[in-house]
Amino acid sequence: MGIKPGDEVIFEETADGYVIQKNAPTTDEGTDPFEKYRGIADSEATMPERMRRLRGEYPRDVDDVPSTDTDETAGER
2 MGIKPGDEVI
12 FEETADGYVI
22 QKNAPTTDEG
32 TDPFEKYRGI
42 ADSEATMPER
52 MRRLRGEYPR
62 DVDDVPSTDT
72 DETAGER
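Below you can see the structure in the form of structure tokens.
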């Protein structure tokens with residue numbers, strides 16, 4: 002269902018019992034508060050570059066950073 006601790010849910014009564022639905026965030030007007038931000042990331046930056054910028058690690062040459070996990074070694078600890 003995709004419901005996690007802290008998520009808001011709605012219980013709707015039906016003829017067969019109850020249906021539980023995740024309550025999506027809305028504004029006071031009932032609109033999606035994130036809709037205005039969808040699609041505005043007009044950038045040539047890759048997702049890893051964006052994440053480094055958000056973490057304050059940008060600019061940085063990722064080729065100089067040793068890899069800690071690879072697909073081959075992930076989960077072998």
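Remember, my numbering sits 1 above the position in the sequence shown when you count from 1.
Each residue gets a CB set at the ideal place from its N, CA and C atoms; glycine is no exception.
Because the structure is a prediction, the values reported are computed rather than measured.
- The continuous beta strand (DSSP E) containing GLU14 extends over residues 10-15.
- When DSSP states are grouped into helix, strand and coil, LYS5 belongs to the coil group.
- Annotation for ARG51: the continuous alpha helix (DSSP H) segment containing it runs 48-55.
- Here the alpha carbons of ASP43 and LYS23 stand approximately 30 Å from one another.
- Around VAL10, the same chain offers ILE4, ILE21, GLN22, LYS23, ASN24 as residues with beta carbons nearer than 7 Å, after the five sequence neighbours per side are excluded.
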